[in-house]
Structures are given as C-alpha cells and as structure tokens.
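To start, the structure under review is shown below, and the notes come after it.
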Amino acid sequence: MAVNVLFLLVLSVCWSVGYLFIADSDHGLPPLAGTAVMCSLAAVFLLAAVAALRRPLLATLRQRPLALAAMGLSAIALPQLSDVYGQTEMGPDVAALVGTVVPVFTFLLTAFVLRSRPYSNRRGLGVATALGGLAIFLLWDGVDGALSSVRGAMIMASGGLVFAINGVVTERITRTLDPLAVGAWAVAFGALWMIALALGIEGPPESLPSQLALLGAVGDGLVSIGFAFLLYYLLLGRAGADFAALYAYIVPMLGVLLAVVAGDKAPSAGHLLGLAVVMLGVWLLVGGRRPTPQRRAAAAE
C-alpha cells in the first residue's frame, strides 16, 4: 500500500508541473508540433527505462500490436493534444482543475456503459458536485471573461473522456501483459501518431522555437509524460483504474498552487470556493468506500 501511495503522490506532482511546462511551450511551438516533440522525448525515455528494467518489450509488442497502437492514440496523442490546445484558451490553474473530469467520466463509463461498477447515489452526487465546483471556478469572474476558459475546458474535457476510456480498457489489457511495456509502447505509438499529424497538417517547422518553448517541451516530455506514465501504467497494473484515478484529489490543488507561485497572482475567494467544491465532489465520487478483499490485496502488493 505504501508503494502505491508513493507512486500516486509522485505521479500527481509530475502531472501538476506538466501544466506549467505546457504553458511555456505554447509560447513558441504550434500545438501539433509541440505535442509531437513532447511525446517523442517521452517515448525515448520510456523505452530506454523499460529496457533497462529488463521488461518484455518485444514480446509485448508481438502479442497486441494493434491494441498498443490504438492506446497510443487514445492514451497519449489525443489527450496530450487536447491539453495543448486547451491551454491556449486558459491558464494552468484552470487546466489542472479540469483534469478532475477523468474520474467523473470513469464513473459514468463503468456504471452506465460497461456496468462493471455499481451505481450509488453518493457517486452520482459526487459527479454533480464536482461539475458544479468547476462551473464556480470558471464563471466566478463573469460569463464574458470565462468564455475562452470554457472553450479550453471543453477541449480538455474531450481528451479526458478519451483518457478515461483508455484507463478502463488498459486495466483489462495489463492483466495479461507487462504494464510497463504497455506504457512504453503506448507512448511510442502516440509519438508516431503526433509526428504524422504534425507533418501532415502543420508541415515542417519554419524556424527554431525559443529557449523557453524548448524548455517547456523537454520538461513536459520527460517529466509529465515520460516519467509520469511510467508510474501511471505501473500503478494501473498494481492497483487498478479506480486507485489510479485518485490523483484527481491531488493534481487540482497542486496545479492551482503551482500556477499561483509561478504567476505571482493570488486566487480569489470564488476560485478557492470552486476548488473546495470540486474536491468535495471528487471525495464523494471516489473516496470513502470500504475496500473489497480484491482491492485490499491489490493495494498491499
């Protein structure tokens, strides 16, 4: 259990810092090219790390090549692209808060589509509360000033839906495959998807980006994609999608705090209220449940 909690905390820090890296990279890289650079750096890091750990990279690829290619699109390319596009419309603090839609979508998918998790009024109330808190955070300064943030939030939420679907599917795939090898190949295929999209739509870059943009791309690629996904897929294999989704408790608070520190701008009382309501919703949604014997055994490994 202690190892899983440590992985969860470090993962949350990596993803929180990633919103700041994306904000920096947006200043000098087109969205597709920026995402391609980030994913490529992450793929090199992950493949090297997993190979150094002597995990079955080639055997995993031979078993499920099409599934891994699809995961590269659903777990890496589309969510990362939605993050980059979304943050052109809003700040990293809002982006970190929008990340709470992943456990919301995970609950809706598992309860109503796959019917693999039971519905409860508590979890349904958690969904409504979390979305209400997000609305408070976005609309506190007025509708006119929030329009761009709402557009960005919708873009990021679409990526969150895709990522939630991937999390549920990946939990099943990693029961028979090595989770670290799965994560490495998913990121590698995600990089290939993004390189193809960037070259096909934006074309080759006309000039080199600024040092700030490169720093943001390198930081996001190595820290919030490469190292974070190493932890994420390991956590999925150890504890399952529900436990991995608990990062939604930590990332919003860390993201808002880091954005305040980096931007030297104190949040308003309304923003703090929205954050508190979101945290209450997440607690209702994924917290306070008595673990089953299977969940206790997975967490103790």
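Take 1 as the starting number for the sequence shown in the UniProt record's numbering and just add one per residue. In this text, a Cβ means the ideal position worked out from N, Cα and C, and glycines have one as well.
Below 7 Å between beta carbons: does that hold for residue i and residue j?
| i | j | result |
| --- | --- | --- |
| G34 | G86 | no |
| P252 | L131 | no |
| T100 | A244 | no |
| L73 | W193 | yes |
| G281 | G183 | no |
| S82 | A191 | no |
| A228 | L8 | no |
| P179 | G237 | yes |
| A77 | V187 | no |
| M38 | G221 | yes |
| W140 | L61 | no |
Would you report the Cα separation of residue i and residue j, rounded to the nearest angstrom?
| i | j | result |
| --- | --- | --- |
| L234 | L273 | 34 Å |
| R175 | V261 | 41 Å |
| F112 | P65 | 29 Å |
| S116 | T110 | 5 Å |
| A36 | A59 | 26 Å |
| A181 | L285 | 30 Å |
| Q294 | V102 | Low confidence applies to Q294: its pLDDT is 40, below 50, so where it sits in the model is not reliable enough to give any reading. |
| N4 | E206 | 44 Å |
| F45 | N121 | 43 Å |
| F189 | M71 | 8 Å |
| L215 | V104 | 32 Å |
| A157 | L32 | 18 Å |
| P118 | V169 | 18 Å |
| L30 | I201 | The amino acid occupying residue 30 in the given sequence is Pro; Leu does not appear at that position. Taking the straight line joining both Cα atoms gives about 11 Å. |
| I165 | P79 | 11 Å |
| I195 | G160 | 21 Å |
| A69 | Q63 | 12 Å |
| A239 | L108 | 20 Å |
| A48 | L197 | 25 Å |
| L6 | L230 | 13 Å |
How far does the alpha helix (DSSP H) with residue i in it reach, from first residue to last?
| i | result |
| --- | --- |
| D220 | Neither: D220 is in no alpha helix (DSSP H) and is coded neither H nor E. |
| S40 | P31 to A52 |
| V84 | L78 to G86 |
| W193 | P179 to L197 |
| V98 | P92 to V98 |
| G132 | N121 to L139 |
| P103 | V101 to L108 |
| A69 | P65 to M71 |
Tell me which same chain residues have a C-beta within less than 7 Å of the C-beta of residue i, skipping the five on either side of it?
| i | result |
| --- | --- |
| A67 | I173 |
| V17 | V223, S224 and L258 |
Can you find the residues in the same chain that come closer than 6 Å, C-beta to C-beta, to residue i, ignoring five residues on each side of it along the sequence?
| i | result |
| --- | --- |
| Y19 | P92, A95, A96 and G255 |
| W15 | S224, A228 and V251 |
| F137 | L97, H271 and G274 |
Keeping to the same chain, check which residues put their C-beta closer than 8 Å to that of residue i; ignore five residues upstream and five downstream.
| i | result |
| --- | --- |
| A276 | G133 |
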